[in-house]
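Trainee: Numbering (my numbering), first residue to last: 16 to 893.
For every residue, glycine included, the Cβ atom is placed at its ideal position computed from N, Cα and C.
These figures come from a predicted structure and were not determined experimentally.
Structural data, given as structure tokens:
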């Protein structure tokens, strides 16, 4: 029995992820260098850091060479280079990544203020590199000099080429040059903890929408709230009162209405509350809806391994979102208070009264009130992929945010204020300047001069009576003036303290307030401002490393960067869709890329990024004579959007071969086959059944479609193939089919309750095969989330011992035995009647005799008493 169930249904929520076509840190290269073999760094920021260290390690090797020359030795430059390479190799292996991450947390302002010998104003990279140089000069210069003097004797630097030496160097660099010099972690209030995107370049990329689905599986019983035991025929009145407490924080303008700690109530907790709570935990900046977007994003390189990279990203994103929802729902389950009382109360809460009665004469019953639970299966899929433009907006420097800046943007800040306690100081800053003018009055000076003159007159006074106090009135004015000035100074100090708190708050949440300012800008004004900016509309792919074959590779085959083509610039307002922005990422406003032929090349470039989320159809057509069949074909990393090729089998080599145009068969590429019958060629994995014969061929065609495919699903298809047909019955047992039907509506519709693989039709089996890998992803990345509701479920537990005397229990046993025998007699009677029907004797066996009087013999067969025909001879003819 369910008490007061609110209507619940499935729900979906969207979360955004972004992929950049070109990272702002990627180097600019000449697109005409497409045949160059110069390597481009995969991580430009890390490359700059290691490059600075390499330079100063080279300076250290040069110092050792200078000392060796000063000692009269002749040193070959080859040994100098060998020394620098050895030191750089050890530093890279032991220190590089940890040092890069640790340097990034220190204040760049403090680092620039440090004076390092003759250097000052160094960047964090150079300061760290110079620190490594200083440690090496103090500890390893003698060993390095001996190494060069002895013509590269490795024994001279055995103490340097050890992990312990570089571990100690790593710790000492930060202790001596960062901690002891007072460089702060995180900097001060005038520094941001992030680097805004520069405004001189508009970026492009993809918006990947992850859609989280909440599927209601069932209702469950939660904690036991109340138990009511009832004796036989006992009745008791009960009332169920549901109270839900939800604290609501209001802004200071409305605080007077809530000074009595007003509470509001709701009937249940739904999925929207969990998602909203989890969004705050993830620090998501929801824009127009709860889906909004979230901080973590992918700065993906275009590479041949993009399929596996995006699969990992997709899997991690789904797991993280579902895990956060699960933990949030678990943490929120105690927010609702449900009480069950046997006494009625006249309160404002919603209460239900009823009467419980135990109808039994001999058994006791206990009624149990449990909290009602809703059990959801939370899963995430990739629902949409859009081409977008990232427009960096200017962010003021931290030191530029002062009272004047806040007053200038106060009309926007007041509606976006995150801390209601700062509303008062914000209002004061908008109304009054930071420094109020202090009026001067010459009367105080005149009063002082008058007092001095009166004092001289007092000395010459010789009259009668009491001399009045000429200094008293002047002192009173002075005292009141001092009091006013003191109060003014206290107010100013209080105002400065409060304004400094507001300024620090704005700096800490600068992106939140800047987005509010950008959203408040007039649309036409924004478009006119965008018209002044230019965006390249043609892009060329430049690979990091070009194969020696000289063939221009595609972005799906090798790593590289996209660079703009000079002369293809267009105004920004002609590139973006004016309906926007659709969201924000850091300091970038996000717009959809306009669907216009003039920016078709930008769509084509972004299509390579979209390929990781595009479904590719693969057809594998065997030759007519072959006995080999393709069990499963997956485009793991297709080389292009449309690819056709043929492979052939040679018994003499025992391999499948990939023909190469212009070459002899002996030079054709061999394709190995794994133990489970899988072969991989040109980014396509094929699972084969059967033994191939000589000169068998497989014609393979790969084509991109307009449908989306989750990279996680593609990865699952490539790593968990379907079984051979002979093993499918064991591979798809009944419990697997039940689980698939529970999570996938299309499977539930197709199976229609069937769970035995042997009983499925060919169409049903095809549906199961097609949905299997999607079910694996939902099962592995999904989470079971239980939501506690404000409703109760009523259950009962009957007692085991009846409340009867022994002789009554004995009579009850005899009654049971009698009824059992009666049931047995009825079954036997039914069996007898069934036997008569089987023998064709259709008469009623309960009728013993039928008399029919008629002169017509044809009426003799109208009645069949069900007996033996020999016992009922026909009547004689008249």
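1. With H, G and I counted as helix, E and B as strand and the rest as coil, what does DSSP make of residue 749?
2. Are the CB atoms of residue 172 and residue 159 nearer to each other than 8 Å?
3. Just tell me which of 520, 168, 410 and 619 has its CA closest to the CA of residue 435.
4. When the Cβ atoms of the region 682-702 are set against those of the region 645-655, are three or more pairs found closer than 8 Å?
5. Nearest CA to the CA of residue 616: which residue from 514, 36 and 30?
6. Answer yes or no: do residue 574 and residue 642 have a C-beta to C-beta separation smaller than 8 Å?
7. Where does residue 122 land, buried or exposed, given buried means 16+ other C-beta within 10 angstroms?
8. For residue 582, which option in 590, 549 and 640 has the closest C-alpha, if you only look at C-alpha atoms?
9. Please classify residue 406 as buried or exposed, where buried requires at least 16 other C-beta atoms within 10 Å of its C-beta.
10. For a test of the three-state rule: what should DSSP assign to residue 375, helix, strand or coil?
11. Suppose you measure from the CA of residue 552 to the CA of residue 221; what does that come to, to the nearest Å?
12. Please list the terminal residues of the continuous beta strand (DSSP E) segment that includes residue 28.
13. Verify whether the separation of the beta carbon atoms of residue 370 and residue 252 is less than 8 Å.
14. Quick one: grab the DSSP three-state call for residue 143.
15. Looking at residue 672: is its Cβ nearer than 8 Å to the Cβ of residue 663?
16. Give me the DSSP bridge partner(s) of residue 251.
17. What are the boundary residues of the beta strand (DSSP E) that includes residue 229?
18. Say whether the region 721-731 touches the region 748-768, bearing in mind that this needs 3 or more beta-carbon pairs closer than 8 Å, one atom from each stretch.
19. Could you name the residues that DSSP lists as bridge partners for residue 701?
20. Which word fits residue 385, buried or exposed, when buried means at least 16 other C-beta atoms lie within 10 angstroms of its C-beta?
21. Need the endpoints of the beta strand (DSSP E) that residue 385 sits in, please.
22. May I ask which residues mark the beginning and end of the beta strand (DSSP E) holding residue 800?
23. Take the Cβ of residue 25 as the centre, count every other Cβ of all protein chains shown within 10 Å, and call the residue buried at 16 or more, exposed below.
24. If residue 64 and residue 115 are in contact, beta carbons under 8 Å, what's the gap, nearest whole angstrom?
25. What are the boundary residues of the alpha helix (DSSP H) that residue 136 is part of?
26. How is residue 416 classed by DSSP in three states: helix, strand or coil?
27. I'd like to confirm the pairing. Which residues does DSSP put opposite residue 730 in its beta bridges?
28. Who are residue 630's beta bridge partners in DSSP?
29. Quick check on the DSSP output: what are the complete beta strand (DSSP E) runs of length 3 or more inside the region 524-598, in order along the chain?
30. Do the CB positions of residue 392 and residue 230 come within less than 8 Å of each other?
31. Does DSSP classify residue 668 as helix, strand or coil?
32. Round the Cβ separation of residue 613 and residue 595 to the nearest angstrom and send it over; I've been treating them as touching at under 8 Å.
33. In whole angstroms, what separates the C-alpha of residue 525 from that of residue 423?
34. Here's the rule I'm using: 16 or more other beta-carbon atoms within 10 Å means buried, otherwise exposed. How should residue 183 be labelled?
35. Check residue 270 in the structure and name its three-state DSSP category.
36. Is the region 805-822 touching the region 373-382 in the sense that three or more CB pairs, one from each, lie closer than 8 Å?
Mentor: Reading off the structure:
1. helix
2. yes
3. 520
4. yes
5. 36
6. no
7. buried
8. 549
9. buried
10. coil
11. 16 Å
12. 26-35
13. yes
14. helix
15. yes
16. 371
17. 218-245
18. no
19. 648 and 694
20. buried
21. 380-407
22. 798-813
23. exposed
24. 5 Å
25. Counting along the chain, residue 136 falls outside any alpha helix (DSSP H), and DSSP gives it neither H nor E.
26. coil
27. DSSP lists no partner for residue 730.
28. Per DSSP, none; premise fails for residue 630.
29. 549-551, 554-558, 575-579 and 584-586
30. yes
31. coil
32. Not confirmed; about 18 Å, so no contact.
33. 15 Å
34. exposed
35. The predicted model places residue 270 with a pLDDT of 36, which falls under 50 and marks its position as unreliable, so this point remains unresolved.
36. yes
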